Structure formats: C-alpha cells, structure tokens
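Novice: Dropping the structure in here first, questions after.
There are 2 protein chains.
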Amino acid sequence: MTTVSDDRNAAERNAESGLEPGLRERKKQQTRQAIHEAAFRLIDEHGLEATTIDQICQAAEVSSRTFFNYFPSKAAALLQLPETPVTPEARARFHAARGGLVWALCDVVGSSSDGRPDHVQMKQLIGRHPELITTLSSLMLDLRAQYVSLAAERASSPEQAELAVALVMAAFGRTMHESDSEVPLVTRLRRIVEQFQGALDERLPE
Amino acid sequence: MTTVSDDRNAAERNAESGLEPGLRERKKQQTRQAIHEAAFRLIDEHGLEATTIDQICQAAEVSSRTFFNYFPSKAAALLQLPETPVTPEARARFHAARGGLVWALCDVVGSSSDGRPDHVQMKQLIGRHPELITTLSSLMLDLRAQYVSLAAERASSPEQAELAVALVMAAFGRTMHESDSEVPLVTRLRRIVEQFQGALDERLPE
DNA sequence: GTGTAATATTGCAGCGCCTGCAAAAACAGC
DNA sequence: GCTGTTTTTGCAGGCGCTGCAATATTACAC
C-alpha cells in the first residue's frame, strides 16, 4: 500500500507546493534537452529525412524507446513546440489588444514564438532547411485549434474566429520564408497581414 | 535488339499518334480506378487511420507492391490529385481573368477542383471526415508550387505571387469546412476571400 | 540506513508504411 | 509462335511508432 494520502503524483504535488524540482525532474529536463539538441544538430547537418531516430538516440545516449517517451515524432523533437502556447499572459494581451481580431491574433501568435529561448536558432535552421516548413505547419495543427478557441472569445461568430486564424496562420507560413531574423515575429506578421490587405484591395472583381 | 527505331516508350508513341489506347493502357486505368474506389469506400467506412493499405489491396485485388506502383501513399490513392492542375485552358483563363491577382487565382484553383468527375463525392467524403483536410493540404504542396509559378506570370514580384497563393490556399482550406456542396467551388472561394477582406478591414491597427 | 511506493528507462515483439530488386506474368508487334 | 517491352508480384528490409513487461532509479516514510 502507498504512504501518501492523496491521489496526486509527485510532480503535481511539487508544482503545487512551489518547491524546487527534485533530482528526478531535473534529470527529465536534462534528457529532454539532450534529445532535442542531438536532433537539432544532426538534422541541421544531414537533413530531416536522412537522419534516423536511432542516430539521434545514439547521440543523446538514450534508448530509442525513451525517445518516444518524450516526443511523438522526429519533427516534434526537433521543433519542440510548446504544448500550450496560449498562456494566461497571452490571453490577457489578446483581450487588451487594440485593433481588429486579426491584429490581436498577430500579437499572440508572434509573441508565443518569439518568447522561445532558441527562437533565433530555430529561424536560422528553418531558413537553411525550407522543407521543414511543411513539417512545422502539420505539427502546428493542435496549436491552431487553441488559437481558434482563443479567437472565439472575441469573435462575433465561430466562423469569423476560424477565418481570422486561417489568415494569421497563412501569414505565419509566409514569415518562415523570410531571412531577416532580427525583426521580431510580431512585426513581421503585421507586415505580411498588411500585404494581404494590399493584395486583396489590388483590384476589385467585376 | 529492339524493333522500334526511337527511344520513346509505347505510351508516348501512342499519345503522340493520337491512337486509341490499347489493352495495356486500358488495364492500367482500370487498375488505378479499382485501387482508388476501394480506398474511397474503405476509408469512408472505417476512417483513414483504421484502414490499412493491405485491406485496400485486398479489396482492389492487387498486390500491395502494385499499390505503390500507382500511388505513393494511402492518402494519394484516396484523393487522387491531378498531377498537373494547371492545364493550358486554366492558364488562358487565368491571364484573361479580370480583377486582381487573387481573384484570378480563385478561378484557376476553383475550376481545377470543380472539373473533377467525382468532386461532389469527394466534398461529401471530406465533409464526413474532417481529419482529411490536413492530409489534403500536405498533399497539395506540389500543386501549390505550380500555382505559385503560374501566379508569377502576372505578379509584379515573386513575393507577391507567393502571397496571393497563400491567401487563396487559406481560402481553399476554409471551403473544406463548408457543407453546401452544390455551390461551385469558385463561388465559395470568392466568398471567403471577400470575408478575408472584411476581417482585415474590420478595424485598422493603431 | 532500510524498505516500499512511484516513476523512468530499457528491451523486445510487433504492426504498418514504403522502397529496391529481380523473377514471373501479360501484352505488343512482327 | 517469337521477341522485346511493360506490368505485376514476391521478397527482403529499413524506418517510424506503440504496447507490454522487466529493470533500474528516485522519493519518501520510518
């Protein structure tokens, strides 16, 4: 029988009590980071297709089975997308943002990606390997769903929420093709949305 | 040694001389169609993930190796995207279209899909299985490239061509979520692009 | 320190997707 | 029928990914 009186696991109790993470948690983060870095280095060197998961595991010194305990796929280990990009702060900023729904979404999407510690290296990697763009967009599908439900909080209809997200995600895809990594993503997103505007107003249909 | 005097194969010689296709060619089309129909029926019934390629082959009465002689993947057999959606007629219509670049692209993209013999059934299938939308968009990537080069023929810059295609493809993705299959795709594309316009003009940024 | 529960890592067996290669079958033209 | 071409098929195998059970490691109470 167990000695603890509740049904929460150690990690939850730890997070709730605000204590520093124990050895176990530190090792997990360390393993996760080792896998990610090995994936990054090898894929940057040989490409996504040419790099096998076994090679990554060998470089990270873990078994291939452990790899899948941390990431569901090779691309996930490389890109390491946040599980919940819509943080409470992002949600607050979204509701406080001035301008239309699309522009508010640019803020959220842009800052969630800019906030990553290695976002500069990621941009450079994607710049060197354009084929990763399609991989990225397919991995972003569940993130996209979160953006849709966020957008629905300000949209007049669910359709309008999906419409706005579709626009911003299309703009996000375009930002990947640009090479100037020093400009913050939010700015670049807004620029592209403005270009969308220009393209649509170019000439009205008959 | 061979009895023909040139290095072209039978199919090319046939197409060039305009003769009716022989038994060999007819059987190929027949096999292709059998695989496609089996894939369509089984996936519609059990879903994309739950249907294995071996099941499709069994239903189509071909070996699994033959399957891959016709289609590179399960989804490709189901959707059977045209290899060249930009026909000469589509190109002519594109250049003759009035209105801006985006609107002209709507014509091409819309008609290339509406022209399919089974486009009504495909729409209904996608309506019943929304998860196919992501599969479809990843398969459309090379088609997208063709649209980009087509757009470049009328665009003032390559960037503008890619921008316009990104917009139209985003609109195309939205059309998949609608259920009214009787309205032609071109019309629905234009409607969504107009909604894009409205969403962007909703309120200008500060 | 020791014992026990919780958690992480690993090996293994296995399914499914997909490819190259070479043999066998089917077709085309004479 | 015979021959060359094309298609089909079987086979071997790599790779991605998952479930399961055994093992090793950490956490905690005593």
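So the sequences go chain by chain: P and A. The numbering used here puts the first residue of the first sequence at 10, with every later residue one more than the last. The numbering used here puts the first residue of the second sequence at 10, with every later residue one more than the last. Think of the CB as a built atom: it goes at the ideal place given N, C-alpha and C, for glycine as much as any other residue. All of these numbers come straight from a predicted model, not from anything done at the bench.
Can you pull the chain A residues whose beta carbon is under 8 Å from the beta carbon of R183(P), in chain order?
Specialist: Per Cβ cutoff of 8 Å: E171, L172 and A175.
Novice: So, does the CB of R68(A) fall closer than 8 Å to a CB anywhere in chain P?
Specialist: Arg is not the amino acid found at residue 68(A); the sequence shown has Ala there. Chain P, which has no Cβ nearer than 8 Å to the Cβ of A68(A), makes this no.
Novice: Counting along the chain, where does the alpha helix (DSSP H) carrying M131(A) start and finish?
Specialist: Unbroken alpha helix (DSSP H) run through M131(A): H128 to R137.
Novice: I'd like to know if the region 73–80 of chain P and the region 95–102 of chain P are in contact, where contact means that at least 3 CB-CB pairs between them fall below 8 Å.
Specialist: Verdict: no, contact absent.
Novice: So, is Q42(P) buried or exposed, given that buried needs 16 or more other C-beta atoms within 10 angstroms?
Specialist: Q42(P) should be labelled exposed.
Novice: Kindly indicate which three-state DSSP category Q64(A) falls into: helix, strand or coil?
Specialist: Reduced to three states, the DSSP call for Q64(A) is helix.
Novice: Applying a beta-carbon distance threshold of less than 8 Å, which residues of chain P neighbour V111(A)?
Specialist: Near V111(A) (Cβ distances below 8 Å), the residues of chain P are A208, L209 and E211.
Novice: Tell me which same chain residues have a C-beta within less than 7 Å of the C-beta of C115(P), skipping the five on either side of it?
Specialist: Hits under 7 Å: V177, V195, L198, R199 and V202.
Novice: Compute the beta-carbon to beta-carbon distance between L51(P) and A68(P), rounded to the nearest angstrom, for a pair I have assumed lies under 8 Å.
Specialist: Correct: roughly 6 Å between the Cβ atoms.
Novice: Does DSSP classify L57(A) as helix, strand or coil?
Specialist: Coil at L57(A), not helix or strand.
Novice: Using beta-carbon positions only, say whether A208(P) and G109(A) come within less than 8 Å of one another.
Specialist: In contact: A208(P) and G109(A) (Cβ atoms closer than 8 Å).
Novice: Mapping the DSSP letters down to three states, classify G182(P) as helix, strand or coil.
Specialist: Residue state, collapsed to three classes: helix.
Novice: Is S158(P) close to chain A? Criterion is C-beta to C-beta, closer than 8 Å.
Specialist: No, its Cβ sits nowhere closer than 8 Å to a Cβ of chain A.
Novice: Do H45(P) and A86(P) come within 8 Å of each other at the CB atom, strictly closer than that value?
Specialist: Against a cut-off of 8 Å, the Cβ pair of H45(P) and A86(P) comes out as a contact.
Novice: Are the C-beta of F103(P) and some C-beta of chain A separated by less than 8 Å?
Specialist: Output row for F103(P): interface = no.
Novice: Over the uninterrupted alpha helix (DSSP H) stretch that includes Q89(P), give me the two end residues.
Specialist: First-last for Q89(P): undefined, no H or E at that position.
Novice: Buried or exposed, going by whether 16 or more other CB atoms sit within 10 Å of the CB of K36(A)?
Specialist: Result: exposed.
Novice: Within the 8 Å Cβ cut-off, does L150(A) reach chain P?
Specialist: Chain P contact via Cβ: present.
Novice: Considering only C-alpha positions, which residue in the set L172(A), L145(A), D189(A) and G182(A) is nearest to Q204(P)?
Specialist: Of the listed residues, the one whose Cα sits closest to Q204(P) is L172(A).
Novice: Run through DSSP, which three-state label would D189(A) get?
Specialist: Residue state, collapsed to three classes: coil.
Novice: Within 10 angstroms of the Cβ of A154(A), are there 16 or more other Cβ atoms? Answer buried if so, exposed if not.
Specialist: By the neighbour-count rule (16 or more Cβ atoms within 10 Å), A154(A) is not buried but exposed.
Novice: With contact counted as at least three CB pairs below 8 Å, one residue from each stretch, are the region 185–192 of chain A and the region 121–135 of chain A in contact?
Specialist: Verdict: yes, contact present.
Novice: If you drop the 5 nearest sequence neighbours on each side, which residues of the same chain put their C-beta closer than 7 Å to that of L152(P)?
Specialist: Within the same chain, L152(P) has close Cβ partners L90 and P94.
Novice: Would you call the CB atoms of P193(P) and G119(P) closer than 8 Å?
Specialist: In this structure, G119(P) lies closer than 8 Å to P193(P) by Cβ.
Novice: Determine the chain P residues that contact S147(A) at a beta-carbon separation under 7 Å, and present them in chain order.
Specialist: Chain P residues near S147(A): T143 and S147.
Novice: Taking DSSP as the reference, what is the three-state secondary structure of P167(A)?
Specialist: In the structure shown, P167(A) sits in a helix (DSSP, three-state: H, G or I).
Novice: Measuring CB to CB, does K83(P) end up less than 8 Å from A59(P)?
Specialist: No.
Novice: Have a look at S121(A) and T61(A) and give me their C-alpha separation to the nearest angstrom.
Specialist: Answer to the nearest angstrom: the Cα atoms are 29 Å apart.
Novice: Please report the straight-line C-alpha distance between A160(P) and A105(P), rounded to a whole angstrom.
Specialist: When rounded, the distance between both Cα atoms is 13 Å.
Novice: Would you report the Cα separation of T143(P) and H55(P), rounded to the nearest angstrom?
Specialist: When rounded, the distance between both Cα atoms is 18 Å.
Novice: Output needed for E191(P): all residues of its chain with C-beta closer than 6 Å, excluding positions within five of it in sequence on either side, in chain order.
Specialist: Same-chain partners within the cutoff: there are none.
Novice: Which of the three DSSP states, helix, strand or coil, is assigned to P94(A)?
Specialist: Three-state DSSP puts P94(A) in coil, outside helix and strand.
Novice: Since R102(P) contacts V117(P) with CB under 8 Å, what's their CB separation in whole angstroms?
Specialist: R102(P) to V117(P), Cβ: 7 Å. Contact.
Novice: Any Cβ of chain P within less than 8 Å of the Cβ of A84(A)?
Specialist: Not closer than 8 Å to any Cβ of chain P, the Cβ of A84(A) fails to qualify, so no.
Novice: For V71(P), name the three-state secondary structure that DSSP assigns.
Specialist: Of the three classes helix, strand and coil, the one that applies to V71(P) here is coil, per DSSP.
Novice: If you draw a straight line from the alpha carbon of D123(P) to that of D53(A), how long is it in whole angstroms?
Specialist: Spanning the two alpha carbons is a distance of roughly 41 Å.
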